[in-house]
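Okay, so here's the structure we're looking at.
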Ligand SMILES: Nc1ncnc2c1ncn2[C@@H]1O[C@H](COP(=O)(O)OP(=O)(O)OP(=O)(O)O)[C@@H](O)[C@H]1O
Ligand SMILES: [Mg+2]
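Chains as they are written, first to last, in the numbering used here: chain W, 2 to 217; chain L, 1154 to 1406.
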């Protein structure tokens, strides 16, 4: 099989990987904000619930979480798993896991904001939502962008964990091809793909960081 | 009518009384300075007047709008609308400026009038440029706060407060974060405002300035007003505590 053929075959896996990556970010970035709000809430129950959630999500392997989300409905509730659920399970597990990491990043960013910014906004008459969205959040985003970049790059590599429930993303495809072709080429192609993917992600994030450099 | 009327103000932090029965009245056009040793409660007093702290007890009204009353020894705040009305009466200038670093100088000044007060942008911009000209910062409207000196930042923050057209302006040690030369430029701006009959309450450690600019001076110590009189009389005070405090500044006088 020629290299073009291999890459063609891997193409579908690449698309799946990019798809997992994009959907995970799309849902976990806002969900993380909600979790961070819950974690910072003065409601004792909500705050501790979120604290426990974050600690479990960060304290157990993502691969295990994937298996639980995928097999859980069958083992716990006896619901038979359809093969189409596999894709959902991947996204659900990734979103739940990454939202916990993002929540902690948001929380530390928000906590690092000086009280004076809130006080100035209050005295100038800004409402609480205006203060948060116009004054606090833009500054928080600038502060946390480097940590977000780290997580996003980790996510690119973590997508390969979908392999553990046999979801046909890039890594699963490469392994299958390597076995059938008895060749290293699929692995090398996969490595090049992940590398380029991360390179692009890093460049995009750097672009955003530069864009926010107009003030200190 | 008094712009600000505060009576029997009490405030404690974790059981320590920081304000013990304070009265503060400010008439229109008056300039009042508050002096006193560190920890005497000057900032707390301003923060209670500007709703950054809640009073434990006392009565507060702005222009006759009674926004805090006391029922059975406890402060009761008026509804949202009353509080908003009261908050529109005053502005506050902070010791460390608290400009919004992600906004340009012009946007720092215009954002609240446009976003909060919903005033027409063009008019707000024009007034903001006039304020900047008055502060000697016409060439800085596109700069960001981090590109300005401390004195320039403080002038922007004064312009930001003035853009909302407050009836009374509070200053909490507006020059304490500044070098001596930069201090002078801020004091000049405040004197200019005093000439225009802006009503102001100024917490400061600049005794000469306070004496020059104030109609009335208040000396606070340990949460009480020890003395409240004209600058001339305060500097000739017979009161032991006042004399001791002012004594530290004698080399300055
Ligand atoms: N948020 C707070 N929590 C607990 N204690 C506080 C708080 N704010 C002020 N205090 C205490 O209240 C007292 C008065 O503080 P305040 O800041 O009003 O003094 P000040 O007269 O402004 O002093 P300075 O000249 O140093 O600014 C101090 O003992 C201070 O430690
Ligand atoms: Mg103070």
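Cβ atoms here follow ideal geometry from the backbone N, Cα and C, with glycine treated the same way.
Specify the secondary structure class of residue i as computed by DSSP and reduced to three states.
i: residue 1165(L); result: strand
i: residue 1212(L); result: strand
i: residue 1244(L); result: strand
i: residue 18(W); result: helix
i: residue 1406(L); result: Residue placement at residue 1406(L) is flagged as unreliable, the pLDDT there being 49, under the threshold of 50; the coordinate-derived value follows with that caveat. Residue state, collapsed to three classes: coil.
i: residue 1264(L); result: helix
i: residue 1272(L); result: coil
i: residue 1158(L); result: strand
i: residue 1230(L); result: strand
i: residue 1250(L); result: coil
i: residue 200(W); result: helix
i: residue 44(W); result: coil
i: residue 1389(L); result: coil
i: residue 1293(L); result: helix
Under the assumption that residue i contacts residue j (Cβ atoms under 8 Å), give the Cβ distance between them as a whole number of angstroms.
i: residue 1197(L); j: residue 1206(L); result: 6 Å
i: residue 11(W); j: residue 179(W); result: So it is not a contact: roughly 10 Å between Cβ atoms.
i: residue 148(W); j: residue 189(W); result: Actually they are not in contact, since the Cβ atoms of residue 148(W) and residue 189(W) sit about 32 Å apart, beyond 8 Å.
i: residue 191(W); j: residue 172(W); result: 6 Å
i: residue 219(W); j: residue 142(W); result: In this structure chain W extends from 2 to 217, so residue 219(W) is not present and cannot be described.
i: residue 1162(L); j: residue 1226(L); result: Residue 1162(L) to residue 1226(L), Cβ: 13 Å. No contact.
i: residue 1262(L); j: residue 1274(L); result: About 12 Å separates the two Cβ atoms, so there is no contact after all.
i: residue 1387(L); j: residue 1370(L); result: 5 Å
i: residue 96(W); j: residue 28(W); result: 4 Å
From the options, pick the residue whose C-alpha is nearest to that of residue i; which is it?
i: residue 1412(L); options: 72(W), 63(W) and 126(W); result: This structure does not reach residue 1412(L), given that chain L is present from 1154 up to 1406, and the question cannot be answered.
i: residue 1221(L); options: 1158(L), 1286(L), 1154(L) and 1340(L); result: 1158(L)
i: residue 162(W); options: 4(W), 32(W), 40(W) and 94(W); result: 94(W)
i: residue 1308(L); options: 1358(L), 1381(L) and 1246(L); result: 1246(L)
i: residue 1252(L); options: 1298(L), 1302(L) and 1377(L); result: 1298(L)
i: residue 1174(L); options: 1167(L), 1190(L) and 1201(L); result: 1201(L)
i: residue 207(W); options: 108(W), 154(W) and 138(W); result: 154(W)
i: residue 56(W); options: 193(W), 165(W), 73(W) and 104(W); result: 104(W)
i: residue 156(W); options: 7(W), 23(W) and 16(W); result: 23(W)
i: residue 1407(L); options: 1155(L), 1185(L) and 1296(L); result: Because chain L spans 1154 through 1406 in this model, residue 1407(L) falls outside it and cannot be assessed.
i: residue 1167(L); options: 1269(L), 1209(L), 1385(L) and 1294(L); result: 1209(L)
i: residue 168(W); options: 68(W), 52(W), 59(W) and 26(W); result: 68(W)
Checklist entry - Where are the beta strand (DSSP E) runs, 3 residues long or more, that stay fully inside the region 1298-1343 of chain L, in chain order? => result Listed in chain order, the complete beta strand (DSSP E) runs (minimum 3 residues) inside the region 1298-1343 of chain L are 1321-1325.
Item to check | Members of the region 62-92 of chain W that neighbour chain L once the beta carbon cut-off is set at 7 Å | outcome: Going along the region 62-92 of chain W in chain order, one finds no residue with a Cβ nearer than 7 Å to chain L.
Checklist entry - Which residues, in order along the region 121-138 of chain W, keep a beta-carbon less than 9 Å from a beta-carbon of chain L? => result For the region 121-138 of chain W, the residues whose beta carbon sits under 9 Å from a beta carbon of chain L are, in order, 121, 122, 123, 124, 125, 126, 127, 128, 131, 135 and 136.
Checklist entry - Residues in the region 1259-1290 of chain L with C-beta within 8 Å of chain W's C-beta atoms, listed in sequence order? => result Result list: 1264, 1265, 1268, 1269 and 1270.
Checklist entry - Which ranges would you report for the alpha helix (DSSP H) in the region 142-191 of chain W if only whole runs of at least 4 residues count? => result If we require 4 residues or more, the alpha helix (DSSP H) runs fully inside the region 142-191 of chain W come out as 171-182.
Checklist entry - What are the start and end residues of each continuous beta strand (DSSP E) run of 3 or more residues lying completely inside the region 1173-1213 of chain L, in chain order? => result Runs of the beta strand (DSSP E) inside the region 1173-1213 of chain L: 1184-1188.
Next on the checklist: Extract the residue ranges of the beta strand (DSSP E) inside the region 57-109 of chain W, only unbroken runs of 3 or more that lie entirely within it.
Outcome noted: Whole beta strand (DSSP E) segments, 3+ residues: zero.
Next on the checklist: What are the residues in the region 1355-1388 of chain L lying within 8 Å of chain W by C-beta distance?
Outcome noted: Per Cβ criterion, the list is empty.
Item to check | Segments assigned alpha helix (DSSP H), at least 4 residues, entirely inside the region 113-141 of chain W | outcome: As far as the region 113-141 of chain W is concerned, its whole alpha helix (DSSP H) runs of at least 4 residues are 116-124.
Item to check | Members of the region 1295-1310 of chain L that neighbour chain W once the beta carbon cut-off is set at 7 Å | outcome: Cβ contacts with chain W: 1297 and 1299.
Checklist entry - When Cβ atoms are compared, which residues of the region 1203-1214 of chain L fall closer than 9 Å to chain W? => result Those residues of the region 1203-1214 of chain L that come within reach of chain W (Cβ to Cβ, closer than 9 Å) are 1203, 1204 and 1205.
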